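If you count by my numbering, then the sequence shown holds residues 5 to 164, one letter each, in order. So the structure is just underneath, and the comments pick up after that.
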Amino acid sequence: SSGINAEYGDRTIRRGRTSFKVFCIMMFLWIAAFLLLIDPTFQTNLKIIKTRSGSPRPAPCATICAGETGPNPHFREYYDGKIKFLILDHIDIWKCGFLEPPIVSVYLEGDVTRIAQWSHAANRVRRDGFRVYITSNTGDTNTFPDWNLNVMWSAFGYNC
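Now the structure itself:
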């Protein structure tokens, strides 16, 4: 017989067959997990109700891509004669593989007391990147490098 046997008095305990059953169960679980990762029909469905182009694509093509700049990205200051802006010229999202400009949300992280006085928005959104405008409600942009700003973003769109 196969397996390792151990005798204890009048009982014989067989090992080996149980290990094969465990092996089969583990293989089944690994295959199921693999299928869940590669087949989008098994994954949670993301629905995009309206797109910039107005033409939704099949649900399996919908994707979320997210990232952050890290602390203190290189902003440039801009003054339009009325309001001071901080502009982050290009956040690169080409690795997301969007076929058209996605829907983008932008969040700020850093010195909370300073950020509460600012508003921000994604601008010039393209399929490979976007620009971030940050405006101050107080008009003070002089000390922004000390605020440890981190721009976090989420993009929702289609990749097929």
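Every residue, glycine too, gets a C-beta built ideally from N, C-alpha and C. Note that the structure is predicted; figures quoted are calculated from it, not measured.
Can you give me the start and stop residues for the beta strand (DSSP E) that ILE94 sits inside?
-> Locating residue 94 in the sequence shown gives position 90, where the first residue counts as 1. Residue identity check: residue 94 is His in the sequence provided, not Ile. Where HIS94 is concerned, the enclosing beta strand (DSSP E) stretches over 88-96.
Output the boundary residues of the beta strand (DSSP E) element that contains ARG61.
-> Position 57 of the sequence shown, counting from 1, holds the residue named residue 61. It is not in any beta strand (DSSP E) - ARG61 carries neither H nor E in the DSSP assignment.
Would DSSP call CYS69 helix, strand or coil?
-> Here residue 69 refers to the residue found at position 65 of the sequence shown. CYS69 falls in the strand class under three-state DSSP.
Environment of ILE87 [buried if 16+ CB atoms lie within 10 Å] = Here residue 87 corresponds to residue number 83 of the sequence shown, with the count starting at 1. ILE87 is exposed by the Cβ-count criterion.
Give the range of the beta strand (DSSP E) segment to which ASN154 is assigned.
-> For the purposes of this step, residue 154 is identified with residue 150 of the sequence shown, where counting begins at 1. Segment 154-162, the beta strand (DSSP E) holding ASN154.
Simplified DSSP assignment, three categories, for TRP151 = Position 147 of the sequence shown, counted from the start, is the residue given in the question as residue 151. TRP151: helix per DSSP, three-state reduction.
Find out if the Cβ-Cβ distance for the pair VAL108, VAL136 is shorter than 7 Å.
-> Translated into the one-based positions of the sequence shown, residue 108 becomes position 104. Translated into the one-based positions of the sequence shown, residue 136 becomes position 132. Going by C-beta atoms, VAL108 is not nearer than 7 Å to VAL136.
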